[in-house]
Amino acid sequence: MEAAVETFLEQRPRLLGLAYRMLGSAAEAEDVVQDAYLRWSRSGPVEVPAAWLTTVVTHLCLNRLASARNRRERYVGPWLPEPVLTGGGALGPLETAEQRESVSMGVLVLLERLTPAERAVLILREAFGHPHREIARVLGVDEAHSRQLHRRARARVGEPRRRYEADREHHRRVVERFLAAAGDGDVAALERLLAEDVTVWADGGGGRAARRPVEGRDRVARYLRGMWSRVEAARARFETAEVNGETAVLVWHGSALTAVLAVEVAGGRIDAVRFVLNPDKLAYAAAQAAM
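In UniProt numbering, the protein residues as written are 1 to 291.
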């Protein structure tokens, strides 16, 4: 029994990373991994534990995705994934550009365009490097169909921009300059950091956030300055942390995490900012930070 538990614990970060990429919800991913553990504890001898657990977690996620999509269609305002602090390896290895990109806010939003099967194939192939032979076995389809699903998924989300091949230290410095400019009210410095076509999405779950994307350098600069004015009035505390594989900003009021800002950089400028303000979606990251 102890050996079985140890085997599962070794696999757990990878399984959580798989479930999170599939669902975009850390809380639901935890539930899936716990369900997989219960099944694992009741199973007999398993020849290849990693493959067995991957199959179980994938199917548990597929069963949840239909209802998740219905909830997101009724969601008020932009929907963003739950942020996860990844500096401690919570979602398994993020050693390659593909692994980091596959947990980013931007890519997880794009994955919402896919059918559950397309999402599973794309994640298993590009984030975890499984060959189509293994993916087909997991999904119960033939290899040709797995390849077809992958081609269709890639066409729907577009070719990856490979932002993560850039210098991660440079990204961190841009985020820190962004934070300083916004906090100081230096609109000119803020505008110099923003791409002309920059876009802001704010997920407030229907409250205290813009319900439509804010687009364009001038409008985004004014919007960000307005938000900073409001949070500074409440004596907010800002800090940087690795969130979803990249440097992001955490906003605290006392001991409460009230926002996470995911900042995307391309060509040396910020081309997207995603605010997560919905308290329900911040609970997981807040619990991580408290550990």
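From the three backbone atoms N, C-alpha and C, an ideal C-beta is built for every residue, glycine too.
* Candidates Gly129, Arg125, His171 and Asp167: which alpha carbon is nearest Leu149's? -> Translated into positions along the sequence shown, residue 149 becomes position 149. Ranking Gly129, Arg125, His171 and Asp167 by Cα distance to Leu149 puts Arg125 first.
* Pick out the complete beta strand (DSSP E) segments inside the stretch 210-288, 3 residues or longer, and give them in chain order. => 237-243, 246-253, 256-266 and 269-276
* **Ser43, buried or exposed, once every other Cβ within 10 Å from all chains shown has been counted against 16** => Your numbering for residue 43 matches position 43 in the sequence shown. It counts as exposed.
* Asked: Short check: CB of Ala27 to CB of Tyr284, under 7 Å?
  -> Along the sequence shown, read from residue 1 onward, the residue named residue 27 stands at position 27. Along the sequence shown, read from residue 1 onward, the residue named residue 284 stands at position 284. Contact flag set, yes.
* On a CA-only basis, which of Pro45, Thr96 and Val32 is nearest Val56? Give me that one, please. => If you number the sequence shown from 1, residue 56 lands on position 56. That would be Val32, whose Cα lies nearest to the Cα of Val56.
* Coarse secondary structure for Thr54, derived from DSSP in three states -> On the sequence shown, residue 54 is found 54 positions in, with the first residue counted as 1. Correct three-state label for Thr54: helix.
* Buried or exposed by the 16-neighbour rule on C-beta atoms within 10 Å, applied to Ser146 -> Counting from one through the sequence shown, the residue named residue 146 turns up at place 146. With 16 or more other Cβ atoms within 10 Å, it is buried.
* To do: Give the single residue among Leu9, Tyr75 and Glu30 whose Cα lies nearest to the Cα of Ala50.
  => Residue 50 sits at position 50 when you count from the first residue of the sequence shown. Of Leu9, Tyr75 and Glu30, the residue nearest in Cα terms is Leu9.
* DSSP three-state call for Glu95: helix, strand or coil? -> Locating residue 95 in the sequence shown gives position 95, counting from the first residue. Glu95 falls in the coil class under three-state DSSP.
* Asked: Count the other CB atoms within 10 Å of the CB of Tyr164; is the residue buried (16 or more) or exposed (fewer)?
  -> To locate residue 164, count along the sequence shown from 1; it is residue 164. Note that Tyr164 scores 47 on pLDDT, short of 50, meaning its location in the model is unreliable; the coordinates nonetheless yield the value given after this. Classification of Tyr164: buried, given that the 10 Å Cβ count is 16 or more.
* Asked: Using a Cβ-Cβ cut-off of 7 Å (strictly less than) and excluding sequence neighbours within five positions of Asp35, which residues of its own chain qualify?
  -> Position 35 of the sequence shown holds residue 35. For Asp35, where only same-chain residues beyond five positions count, the Cβ hits under 7 Å are Leu60.
* On the three-pair Cβ rule with 8 Å, is the stretch 217-231 touching the stretch 79-95? -> no
* To do: With a 10 Å radius around its C-beta and 16 neighbouring C-beta atoms as the bar for buried, classify His171 as buried or exposed.
  => Within the sequence shown, the letter at position 171 stands for residue 171. Label assigned to His171: buried.
* CB contact flag (Ala236, Val251, <7 Å) -> Looking up residue 236 in the sequence shown gives position 236. Looking up residue 251 in the sequence shown gives position 251. Contact: yes.
* Beta-carbon spacing of residue 297, Gly245 below 7 Å -> Since the first residue of the chain shown is 1 and the last is 291, residue 297 is not available in this structure.
* What's the C-alpha gap between Ala189 and Arg274? -> One-based indexing of the sequence shown puts residue 189 at position 189. One-based indexing of the sequence shown puts residue 274 at position 274. Spanning the two alpha carbons is a distance of roughly 20 Å.
* Asked: Which ranges does the alpha helix (DSSP H) cover as unbroken runs of at least 4 residues, wholly within the stretch 92-176, from first to last along the chain?
  -> 97-102, 105-110, 116-122, 132-139 and 143-157
* To do: Measure the alpha-carbon distance for Trp201 versus His130 and round it to whole angstroms.
  => Within the sequence shown, numbered from 1, the residue matching residue 201 stands at position 201. Within the sequence shown, numbered from 1, the residue matching residue 130 stands at position 130. Answer to the nearest angstrom: the Cα atoms are 33 Å apart.
* Collapsed DSSP secondary structure at Leu80 in the structure displayed -> Taking the first residue of the sequence shown as 1, we reach residue 80 at position 80. Reduced to three states, the DSSP call for Leu80 is coil.
* Verify whether the separation of the beta carbon atoms of Leu16 and Ala4 is less than 7 Å. => The count along the sequence shown starts at 1 and reaches residue 16 at position 16. The count along the sequence shown starts at 1 and reaches residue 4 at position 4. Contact flag unset, no.
* To do: Could you round the C-beta distance between Arg225 and Ala182 to whole angstroms and report it? I think they count as a contact, below 8 Å.
  => Locating residue 225 in the sequence shown gives position 225, where the first residue counts as 1. Locating residue 182 in the sequence shown gives position 182, where the first residue counts as 1. Yes, Arg225 and Ala182 are in contact; Cβ-Cβ is about 7 Å, under 8 Å.
* Three-state class that DSSP yields for Asp203 in the structure shown -> Within the sequence shown, the letter at position 203 stands for residue 203. Asp203 falls in the strand class under three-state DSSP.
* Give me whichever residues DSSP pairs with Leu194 in a beta bridge. => Looking up residue 194 in the sequence shown gives position 194. DSSP lists Ile270 as partners of Leu194.
* Residues of its chain near Arg113, where Cβ-Cβ distance is below 8 Å and the 5 sequence neighbours each way are ignored -> Taking the sequence shown and counting its residues from 1, the one referred to as residue 113 is at position 113. Arg156 and Val157, listed in sequence order.
* To do: Within its chain, find whatever has a CB closer than 6 Å to the CB of Pro78; leave out the 5 residues flanking it on each side and keep chain order.
  => Here residue 78 refers to the residue found at position 78 when the sequence shown is read from its first residue. If we look at Pro78 and ignore the five residues flanking it on each side, its Cβ neighbours are Trp201 and Asp203.
* Would you check if the distance between the CB atom of Arg211 and the CB atom of Val198 is smaller than 7 Å? => Here residue 211 refers to the residue found at position 211 of the sequence shown. Here residue 198 refers to the residue found at position 198 of the sequence shown. No; because the gap between Cβ atoms is not below 7 Å, this pair is not in contact.
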